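Just so we're on the same page, this note's numbering is the position in the sequence shown counted from 1, plus 43. Even for Gly, the Cβ is constructed at its ideal location relative to N, Cα and C. Here the structure is a predicted model, which is why all the values come from computation and not from measurement.
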Amino acid sequence: MKKLYKHQTTDIFAYVLEEQRALVIENIFGEQLEIPLYSVFFKYFPAEKGLKIVAVDETPADVIDLFFQVLRDVTGLAYQYSIGQVLTVELEGQVLHTETVSLQSKTRKTLLIATRNEGKTREFKAMFSQLGYDIKNLNDFPELPEVAETGMTFEENARLKAETISELTGEMVLADDSGLMVDVLGGLPGVWSARFAGEHATDAANNAKLLHELASTAVSPEKRKAKFHTTLVVAAPGKSSLVVEGEWPGSIATIPRGDDGFGYDPLFVDEETGRTAAQMTLEQKNKVSHRARALQNLLKEWPEWLRQ
Ligand SMILES: O=c1[nH]c(=O)c2ncn([C@@H]3O[C@H](COP(=O)(O)OP(=O)(O)OP(=O)(O)O)[C@@H](O)[C@H]3O)c2[nH]1
Ligand SMILES: [Mg+2]
44 MKKLYKHQTT DIFAYVLEEQ RALVIENIFG EQLEIPLYSV FFKYFPAEKG LKIVAVDETP
104 ADVIDLFFQV LRDVTGLAYQ YSIGQVLTVE LEGQVLHTET VSLQSKTRKT LLIATRNEGK
164 TREFKAMFSQ LGYDIKNLND FPELPEVAET GMTFEENARL KAETISELTG EMVLADDSGL
224 MVDVLGGLPG VWSARFAGEH ATDAANNAKL LHELASTAVS PEKRKAKFHT TLVVAAPGKS
284 SLVVEGEWPG SIATIPRGDD GFGYDPLFVD EETGRTAAQM TLEQKNKVSH RARALQNLLK
344 EWPEWLRQ
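Right, dumping it as structure tokens:
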């Protein structure tokens, strides 16, 4: 079969087959995803038939970028696009087509995340769904033990969670250890974020303690600088673990704002937008958060690590 177009990035291999009229993308896990092209390419679809384009939602941003890069290269035209429920394709200011097609990997897989935190899990579910993965967490396996977070660093704790659960289950396991680091508190609450106001503290109690700690020491906004940190560890039997990090810069608000998210989200102000993490939708937070940035770093290294 003749390959009409071939594109290679570090993570994705894509080609268009003449007979199939489909863009075949190999994702980072080596799974092939087929995106039907309908009548995308001018070359094969005369303009009088109307230019159509496939709208792809629930697709990783890099796949969408690649898809449009292919399109621009082949047609030599600039397209405007947005990732969302419905994609609108415009050519020289004229709306040509809108359509929504969801792309589902035919073979979905399951990944176990060694967490009991449903807030984290919700975010991972949304992020991994785009990669064809269903997520399970430790609340799905009540028989698995509690892993004590005795480490002094995010990496130590993430390793403890991932490696213990991987050894017990014999499966590949991802763990997230994360926390809020406030400059004026010397990086605290850090690894103690979940337990800042005491063992088994509620989010409300942790937030109240944070506001209390900052009330006297950090009055001006510059003094309230902070960042969220995530360390991710993937552990699998017979392999040395993969470790990556992600950070999200911001500051601490004086009063809680917003209803979404979890943990310190109502108090954490995003440096870029001035909104608290709790004022963002799940989708918005998942584009900029420490967890999203760590996942992006993970995806850069995961394919190579899987091959080892
Ligand atoms: O507002 C927030 N938005 C976030 O995006 C976020 N990510 C982490 N955190 C805080 O840091 C602790 C992590 O501690 P942590 O990594 O040990 O997790 P955890 O104990 O809650 O669950 P587990 O994964 O250990 O089972 C959490 O409980 C939260 O208080 C966040 N707060
Ligand atoms: Mg924990």
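Discussion item. So T324 and D302 are supposed to be a Cβ contact under 8 Å. How far apart are they, rounded?
Written reply: Wrong, their Cβ atoms sit about 11 Å apart, outside the cutoff.
Worksheet item: Around ligand 2, what residues have a beta-carbon under 6 Å from a heavy atom of it, in chain order?
Response: E192, A237
Worksheet item: What are the start and end residues of each continuous alpha helix (DSSP H) run of 4 or more residues lying completely inside the region 211-271, in chain order?
Response: 246-260
Discussion item. If you follow the beta strand (DSSP E) that G289 is in, where does it begin and where does it stop?
Written reply: 285-295
Item to complete: Whole angstroms is fine: what's the gap from A335's alpha carbon to Q351's?
Response: Each residue's Cα considered, the two are about 25 Å apart.
Worksheet item: Looking at the structure shown, is L174 part of a helix, part of a strand, or coil, going by DSSP?
Response: coil
Worksheet entry | Alpha carbon of Q322 to alpha carbon of G281, nearest angstrom | 42 Å
Worksheet item: Name the DSSP bridge partner or partners of A278?
Response: Per DSSP, V216.
Worksheet item: Just to check, is the beta-carbon of Y307 closer than 6 Å to a non-hydrogen atom of ligand 3?
Response: With respect to small molecules bound, the structure shown includes ligand 1 and ligand 2 and not ligand 3.
Discussion item. Ligand 1 and T245: does any heavy atom of the ligand fall closer than 6 Å to the residue's C-beta?
Written reply: no
Worksheet item: Less than 6 Å between the CB of N250 and some heavy atom of ligand 1, yes or no?
Response: no
Discussion item. Looking at E314: is its Cβ nearer than 7 Å to the Cβ of P292?
Written reply: yes
Fill in: Local conformation of D183 per DSSP, three classes
helix
Worksheet item: Do V5 and A205 have their CB atoms nearer than 7 Å?
Response: Since the first and last residues shown for the chain are 44 and 351, residue 5 lies out of range.
Item to complete: State yes or no: is the C-beta of K270 within less than 7 Å of the C-beta of E242?
Response: no
Practice prompt. Take S284 as the anchor and find which of A258, R202, G213 has the nearest alpha-carbon.
Written response: R202
Discussion item. Quick check on the DSSP output: the alpha helix (DSSP H) that includes V331 runs from which residue to which?
Written reply: 325-331
Practice prompt. Please find out if some non-hydrogen atom of ligand 1 comes closer than 6 Å to the beta-carbon of T158.
Written response: yes
Worksheet item: Are I156 and I178 touching if we call contact CB-CB under 7 Å?
Response: yes
Worksheet item: Considering only residues of the same chain and omitting the five flanking positions on each side of G222, which have a CB-CB separation below 8 Å?
Response: F197, P232, G233, V234, W235, S236, A237, F271, H272
Worksheet item: For D308 versus T274, is the C-beta spacing smaller than 7 Å?
Response: no
Practice prompt. Could you tell me which of V225, E214, L154, K163 sits nearest to K328, measuring between CA atoms?
Written response: K163
Item to complete: Check T319 in the structure and name its three-state DSSP category.
Response: strand
Worksheet item: Taking Cβ to Cβ, would you say S294 is nearer than 7 Å to R318?
Response: no
Worksheet item: Heavy atom of ligand 1 less than 6 Å from the Cβ of S221, yes or no?
Response: yes
Practice prompt. Identify the continuous beta strand (DSSP E) that holds I298 and give its terminal residues.
Written response: First-last for I298: undefined, no H or E at that position.
Discussion item. Can you check which of these residues, V225, L217, T245, T297, is closest to A8 by C-alpha distance?
Written reply: Past the boundaries of the shown model lies residue 8; the chain is included only from 44 to 351, so the question cannot be answered.
Worksheet item: Cα-Cα, which of A278, M215, Y176, G230 is closest to M195?
Response: Selection A278, M215, Y176, G230 evaluated against M195 yields G230 as nearest (Cα-Cα).
Worksheet entry | Proximity of G306 and D226 at Cβ, strictly below 7 Å | no
Worksheet item: Within this structure, are the beta carbons of R165 and N182 separated by less than 7 Å?
Response: no
Worksheet item: Just how far apart, CA to CA, sit L211 and S263?
Response: 48 Å
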